[in-house]
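**Student:** What follows is a structure written as structure tokens; I'll ask about it next.
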Amino acid sequence: MSTVVAQSLHVFGLRAHVANNIFFFDEQIIIFPSGNYCVKYNMDQKWQKFIPGSDKSQGMLALSISPNRRYLAISEIVQEKPVITIYELSSIPCRKRKVLNNFDFPVQRFISMAFSPDSKYLLAQTSPPESNLVYWLWEKQKVMAIVRTDSQNNAVYQVSFNPQDNTQVCVTGNGMFKLLRFAEGTLKQTNFQRGEPQNFLAHTWVSEDKIIVGTDTGRLFLFESGDQRWETSIMVKEPTSETKNLEKIQESESLIEFPTISSPVPSHEQVILASGHSQLVLPQVFAIAAYSKGFACSAGPGRVLLFEKMEEKDFYRESREIRGEPAHFEYLMYPLHSASITGLSTCIRKPLIATCSLDRSVRIWNYESNTLELFKEYQEEAYTISLHPSGHFVVVGFADKLRLMNLLIDDIRSFKEYSVRGCRECSFSNGGHLFAAVNGNVIHIFSTTSLENISNLKGHTGKVRSIVWNADDSKLISCGTDSAVYEWNLSSGKRQTECVLKSCSYNCVTVSPDAKIIFAVGSDQTLKEIADSSVLREISAFDVIYTAVVISHSGRMIFVGTSVGTIRAMKYPLPLQKEFNEYQAHAGPITKMSLTFDDQFLLTVAEDGCLFTWKVFDKDGRGIKREREVGFAEEVLVTKTDMEEKAQMMLELKTRVEELKMENEYQLRLKDMNYSEKIKELTDKFLQEMESLKTKNQVLRTEKEKQDVSHREHIEDLLDKQSRELQDLECCNNQKLLLEYEKYQELQLKSQRMQEEYEKQLRDNDETKSQALEELTEFYEAKLQEKTTLLEEAQEDVRQQLREFEETKKQIENDEDQEIQDIKTKYKKKLRDEKESNLRLKGETGIMRKKFSSLQKEIEERTNDIESLKGEQVKLQGVIKSLEKDILGLKREIQERDETIQDKEKRIYDLKKKNQELEKFKFVLDYKIKELKKQIEPRENEIKVMKEQIQEMEAELEHFHKQNTQLELNITELWQKLRATDQEMHRERQKERDLEALVKRFKTDLHNCVAYIQEPRLLKEKVRALFEKYVQRADMVEIAGLNTDLQQEYARQREHLERNLATLKKKVVKESELHRTDYVRIMQENVSLIKEINELRRELKFTRSQVYDLEAALKLTKKIRPQDVPETVPSEDVCSAAPTMRLNEQEETGRIIEMQRLEIQRLRDQIQEQEQVPGFHPLAGIRLPSLVRSEVDFEVQTN
């Protein structure tokens, strides 16, 4: 065996033509066929595990998983023979449990399978012309039953078991709907098909006896016990502009994954023809799946319908239509190729794989993260692809043109097209400066820098099938269908070496790293080693055609692909014998193979549409080391227009974030106001109810006390009565006990007499029964003898009649035999009845004895119980009568109180519910505010830049400080005058401090009182204590006197301060005239800045309108519109967003002016403080403008 080992890592592909080709193993893992494997894929952790198919398999046909998710059945063709392999999924790794390959009936292939509900039986349907349905006990490989489902060679699409019955089976196909039941070793049809035959494509069981069936004409049928109960049609109407607006559907309660089609898959041409109809299309129902409320079905490409069961009826109605849009469906993995993959290529600087396929798509994969990077579909088929070593460009050969394209961040965009039709091979050079493209039998060489055709290599007489560059890009090797392998010198454009063998049509060629040896494979089932225009060695393929070959960059490993989908790993130098490792990977001929630049991974593609990645190991199990460690590049191509569009989108999103922030703040304020009002109302209501309840409690307590006194008196009376009655009862009971004892002795005597009588009766009965039996036996024996004599006579008569009448003899014998049998049966029945009656009588006698003994025991026990119970009964009756009256009265009171309590509890529960809803709403708003704050961070960076500009403006204001120093000198003079007033102010401040301390004490005491708000008595006492502590009549009189003195002193000081303020204002007016020129200059600069801001905003609005038009053309509005308005904002708030934005813009224009005025306002505040100095008088009609409001607005904006 070879020392080179390849281990499968990941697969990108799905076998769409396998029946029942995808299903869930558990909630996270799905199973689907890919190549010759079944893949277990974990949707959360994104790993894959492989279940290998059979060796020499020619492809899977159908899958089935058992209901307990323990077994997996796979139908395959192995060496042109059908095989069913059953795997045990519970074991790790999955192992084969049974292989069914020996059949006693003719079969070509199994096209559909199903496990029974208990997973013991397997149902399999064969293909026409046999069309046999086989019922297996698969663990013992025993065929329980077999039946032919169709004799007209019609296709059968699906078979299934009743989910609750192992014996009932359903089969659907073209013109076929059959229900079969397994009984007595055969499958018998239980239904009769009526009406016109339909092409039934799929079915599912919705209950134990109901089945939903779909047809190729878009019709659904409901069958109950084989009879049609309901029918509907799911015609597709093209959506108009009005219906598109009505297609917004809320999210469903649960997502239903149902198995894919087991009926024939429509071809690409059929889908295109179906989409070409204008109004009505006939959808084909390929799949149906049942769920708890009803069922779901496919209704054509990209369309799924949900049906729910109608209440009180057995019919279903369409509840929802889901179209294949990203809003409704998400890719489970990623979109895969659906046809043969024709091109494969890798690059050096990135972990990328480029593939193209006959499904008219080009896909870029990442083999490191196992994801799909880019994907684009075209109108023409793609035949070949090559990826630039940098990973930024790709050249693709289409049916009409050769296109050189950029790999952008989210698109594959063509930037150069060449008129090379039907290009089947293309390849970039190892350095990336050249690329070669094949047009029939001519090879064109192009430059990637100048994008021009450098040279054309002509020499092949047939089509060129493969080209490869050597390591230094100085040579190009090609092979074709003309049995020739050429080595081209690119500097001269001529052939350097050639090797022509007429017996072989080459498929693929590769060259060793030193460019000395060429390896070629072709139709002659050999691998050729060519050097210097001659074949050095030919290694046999052992009856298989090699379709692809690749050699590692180290030159130590060779991998070849075969026409049966296998991969062979060999070590160089090539072995002469059969020394290689063979892996069954694909289900079709391998088209391309490639190794990554570091020789770590092998990539293979085939006609089955699957891409496999393999990990390559050496003989010791270690991975092949890289020749040089180079990190993968992370750069991505992005066009300038895309960047500008994204920048513009970022600006718009920032403005929208600001709008949303303002709207949310406004809404929060409104809601806070509403909630505060509601809370006040609720607190008022609760306080009123608390007061009313307190009064009621007091009334009830007084009533309770009164009732307690009355109950105590009543209980004392009852106790006296009870003691008297007990004495009387004791006397009476003693007398009764004596009487009962006498009665007991009498009963004992009676029981003894009864026993004697019963024994006598039993003896008499035994004697009479024995006599009767003897008489009956004698009587019946005499009758039997008489009958026997009569029979003998009758037989003699019959013999005489038989001689005379032969025809009547037969009838008479039959009649007589019947009569004899009837008579015998009658007498036998009578004997049995008599015997049974005897046995019954014996049993009854035994039962009577047992009953008699049990009755005696019961009599004794009951007499004792009666004596004890009578004493207790008499005692309790008196107590019960007295307590029942009390209970009735208390029950009435309890009912009344319970009613009041229930009413209060209902109100409290409703209020709690409202509070919970409000708290949930508040939590949602808090979360949205946090997200908006995260989005506002870039805006804060802009604010920092603005702050730096503000600091520069503050530097300009410093010269105002120098001019204001003169004012400070004048202020020092005023300080001397203020010293006198300061002393008086200190006194007043001391008084204020005392009052503030007293107020603080009062607040603390008041806060302590509020803690007793639930206890009215303690609250009342605390309030009285506060009143006595802080409110006194003498204090009230003193405060009133002090108030009059303070008012007079306040008026005197006010006049004095107004005079001082007037003088200061005169000085300020004089100085303001001096500084007016500076103010005018600053105002002019501000006006010019405001004009520039307005012009920029107009340009911004104009550009926004242009961007919206472009987005509509590029279909980007769908992505932007859901982010414009949150779900919780009502329409009125949305309308108010525009005016609030205008207010923000106007306030932002005044920010610079307000920052400049801050320093001026500080000076004005100092001047206002000095207005209180005596000696100054205010000027009439002159007041400084207030900037407090603007400062508050500025602080709100900055916060």
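Heads up, the sequence shown stops at 1198 in numbering that gives the first Met the number 0, and the numbers go up one at a time, no gaps. Every residue gets a Cβ at the ideal spot worked out from N, C-alpha and C, and that includes glycine. Since we're looking at a predicted model, the values are computed, not measured.
1) For R848, name the three-state secondary structure that DSSP assigns.
2) Would you be able to state if there are at least three C-beta pairs under 8 angstroms between the segment 583-596 and the segment 549-566?
3) Can at least three beta-carbon pairs, one atom from the segment 698-718 and one from the segment 907-915, be found at a separation below 8 angstroms?
4) Please determine, among T525, A646 and A182, the residue with the shortest C-alpha to C-alpha distance to P937.
5) Per DSSP, what kind of secondary structure is L650 in: helix, strand or coil?
6) Please state the DSSP three-state secondary structure of V284.
7) Taking Cβ to Cβ, would you say V604 is nearer than 8 angstroms to L931?
8) Apart from the five residues just before and just after P1129, which ones in its own chain have a Cβ nearer than 7 angstroms to its Cβ?
9) Would you check if the segment 847-857 and the segment 699-707 touch, i.e. whether three or more CB-CB distances between them fall below 8 angstroms?
10) Go through its chain and collect everything with a Cβ distance to L281's Cβ below 6 angstroms, but skip five positions before and after it.
11) Pull up the distance between the alpha-carbon of Q915 and that of K921, whole angstroms please.
12) Which runs of the beta strand (DSSP E), 3 residues or longer, sit entirely within the segment 21-87?
13) Please report the distance separating the alpha-carbon of S1201 from that of S53.
14) DSSP three-state call for A5: helix, strand or coil?
15) Please state whether DSSP places D523 in a helix, a strand or coil.
16) Which value, in whole angstroms, describes the spacing of the CA atoms of T166 and D149?
17) Assign R926 to one of three DSSP states: helix, strand, or coil.
18) Apart from the five residues on each side of it in sequence, which residues of its chain come closer than 6 angstroms, Cβ to Cβ, to Q965?
19) If I'm right that V284 touches G213 with Cβ under 8 angstroms, what's the distance once you round it to whole angstroms?
20) Taking Cβ positions, are F414 and C425 nearer each other than 8 angstroms?
21) I believe T231 touches H202 by the beta-carbon criterion, under 8 angstroms. Please report the beta-carbon distance rounded to the nearest angstrom.
22) Assuming the contact rule is C-beta atoms closer than 8 angstroms, F191 and L88 should be a hit. Round their C-beta distance to whole Å, please.
23) Would you call the CB atoms of A381 and T345 closer than 8 angstroms?
24) Could you tell me the boundaries of the beta strand (DSSP E) in which Q230 lies?
25) I'd like to confirm the pairing. Which residues does DSSP put opposite F611 in its beta bridges?
26) Could you give the distance in angstroms between the alpha-carbon of S477 and the alpha-carbon of S368?
27) DSSP three-state label for N19, please.
28) Grab the span of the beta strand (DSSP E) containing K349 for me, first residue to last.
29) What residue range is occupied by the uninterrupted alpha helix (DSSP H) comprising F959?
30) Between F114 and S65, is the Cβ-Cβ spacing less than 8 angstroms?
31) Which value, in whole angstroms, describes the spacing of the CA atoms of W364 and L371?
32) With a Cβ-Cβ cutoff of 8 angstroms, do F427 and H387 count as a contact?
33) Could you check the C-alpha separation between I472 and K943 for me, to the nearest Å?
34) Comparing the C-beta of L783 with each C-beta of chain C, is any distance below 8 angstroms?
35) For S593, which beta-bridge partners are listed by DSSP?
36) Is the distance from the Cβ of A568 to the Cβ of A1111 below 8 angstroms?
**Tutor:** Checking against the coordinates, here is how it stands:
1) Position 849 of the sequence shown holds residue 848. Per DSSP, reduced to three states, the secondary structure at R848 is helical.
2) In short, these stretches touch, since the Cβ pair count reaches three.
3) Fewer than three Cβ pairs drawn from the segment 698-718 and the segment 907-915 lie within less than 8 angstroms of each other, which leaves the two stretches out of contact.
4) Sequence index remark: in the sequence shown, residue 937 carries index 938 (1-based). Distances from the CA of P937 to each of T525, A646 and A182 were compared; the closest alpha carbon is that of A646.
5) Taking the sequence shown and counting its residues from 1, one reaches residue 650 at position 651. If DSSP states are grouped into helix, strand and coil, L650 belongs with the helices.
6) As a first step, residue 284 is located in the sequence shown; it is residue number 285 there, counting from the start. Three-state result, V284: coil.
7) Walking along the sequence shown from the start, residue 604 turns up at place 605. Walking along the sequence shown from the start, residue 931 turns up at place 932. At a Cβ-Cβ threshold of 8 angstroms, V604 and L931 do not count as neighbours.
8) Counting from one through the sequence shown, the residue named residue 1129 turns up at place 1130. Unreliable positioning characterises P1129 in this predicted model, as indicated by a pLDDT of 40, which lies under 50. The coordinate reading is nonetheless provided below. Same-chain partners within the cutoff: there are none.
9) Touching, no.
10) Taking the sequence shown and counting its residues from 1, one reaches residue 281 at position 282. If we look at L281 and ignore the five residues flanking it on each side, its Cβ neighbours are T216 and G217.
11) Taking the sequence shown and counting its residues from 1, the one referred to as residue 915 is at position 916. Taking the sequence shown and counting its residues from 1, the one referred to as residue 921 is at position 922. In a straight line, the C-alpha of Q915 is about 10 angstroms away from that of K921.
12) Within the segment 21-87, the complete beta strand (DSSP E) runs of at least 3 residues are 28-33, 36-41, 47-51, 56-64, 70-77 and 80-87.
13) The question about residue 1201 has no answer here: the residues shown for the chain are numbered 0 through 1198.
14) Here the question's residue 5 lines up with position 6 in the sequence shown. Assignment of A5 by DSSP, reduced to helix, strand and coil, places it in the strand class.
15) Here residue 523 corresponds to residue number 524 of the sequence shown, with the count starting at 1. Residue state, collapsed to three classes: coil.
16) Counted from its first residue, the sequence shown places residue 166 at position 167. Counted from its first residue, the sequence shown places residue 149 at position 150. Cα to Cα, T166 sits roughly 20 angstroms from D149.
17) Along the sequence shown, read from residue 1 onward, the residue named residue 926 stands at position 927. Reading the sequence as shown, one finds Tyr at residue 926 and not Arg. Residue state, collapsed to three classes: helix.
18) What you label residue 965 is simply residue 966 of the sequence shown in a count that begins at 1. Same-chain partners within the cutoff: there are none.
19) To locate residue 284, count along the sequence shown from 1; it is residue 285. To locate residue 213, count along the sequence shown from 1; it is residue 214. V284 to G213, Cβ: 3 angstroms. Contact.
20) On the sequence shown, residue 414 is found 415 positions in, with the first residue counted as 1. On the sequence shown, residue 425 is found 426 positions in, with the first residue counted as 1. The answer is no: Cβ separation not under 8 angstroms.
21) For the purposes of this step, residue 231 is taken as the residue at position 232 of the sequence shown. For the purposes of this step, residue 202 is taken as the residue at position 203 of the sequence shown. The pair is not a contact, with the Cβ atoms about 15 angstroms apart (cut-off 8 angstroms).
22) Residue mapping note: residue 191 aligns to position 192 of the sequence shown, counting from 1. Residue mapping note: residue 88 aligns to position 89 of the sequence shown, counting from 1. At roughly 39 angstroms, the Cβ-Cβ gap does not stay under 8 angstroms, so F191 and L88 are not in contact.
23) The residue given as residue 381 occupies position 382 in the sequence shown. The residue given as residue 345 occupies position 346 in the sequence shown. No, these two residues do not count as a Cβ contact at 8 angstroms.
24) Numbered from its first residue, the sequence shown carries residue 230 at position 231. Contrary to the premise, residue 230 reads as Glu rather than Gln in this sequence. Per DSSP, E230 belongs to the beta strand (DSSP E) from D226 to S232.
25) Position 612 of the sequence shown, counting from 1, holds the residue named residue 611. F611 pairs with V10 and T603.
26) Start at 1 with the first residue of the sequence shown, and residue 477 comes out as number 478. Start at 1 with the first residue of the sequence shown, and residue 368 comes out as number 369. Using only the alpha carbons, I get a separation of about 34 angstroms.
27) Residue numbering aside, residue 19 sits at position 20 when the sequence shown is read from its first letter. In the three-state scheme derived from DSSP, where H, G and I count as helix and E and B as strand, N19 is classed as coil.
28) Translated into positions along the sequence shown, residue 349 becomes position 350. Unbroken run through K349: none, as it is neither H nor E.
29) Sequence index remark: in the sequence shown, residue 959 carries index 960 (1-based). First-last of the alpha helix (DSSP H) with F959: E957 to V1009.
30) Reading the sequence shown from its first residue, position 115 is the one you call residue 114. Reading the sequence shown from its first residue, position 66 is the one you call residue 65. Contact: yes.
31) Translated into the one-based positions of the sequence shown, residue 364 becomes position 365. Translated into the one-based positions of the sequence shown, residue 371 becomes position 372. Taking the CA atoms as reference points, W364 sits about 5 angstroms from L371.
32) Against the sequence shown, residue 427 aligns to sequence position 428. Against the sequence shown, residue 387 aligns to sequence position 388. Yes; because the gap between Cβ atoms is below 8 angstroms, this pair is in contact.
33) The sequence position of residue 472 within the sequence shown is 473, counting from 1. The sequence position of residue 943 within the sequence shown is 944, counting from 1. According to the sequence as given, residue 472 is Asp; it is not Ile. Cα to Cα, the separation comes out at about 56 angstroms.
34) You won't find chain C in this structure, because it holds only one protein chain.
35) Here residue 593 is taken as the residue at index 594 of the sequence shown, counted from 1. As a beta-bridge residue in DSSP terms, S593 pairs with L602.
36) Residue mapping note: residue 568 aligns to position 569 of the sequence shown, counting from 1. Residue mapping note: residue 1111 aligns to position 1112 of the sequence shown, counting from 1. No, these two residues do not count as a Cβ contact at 8 angstroms.
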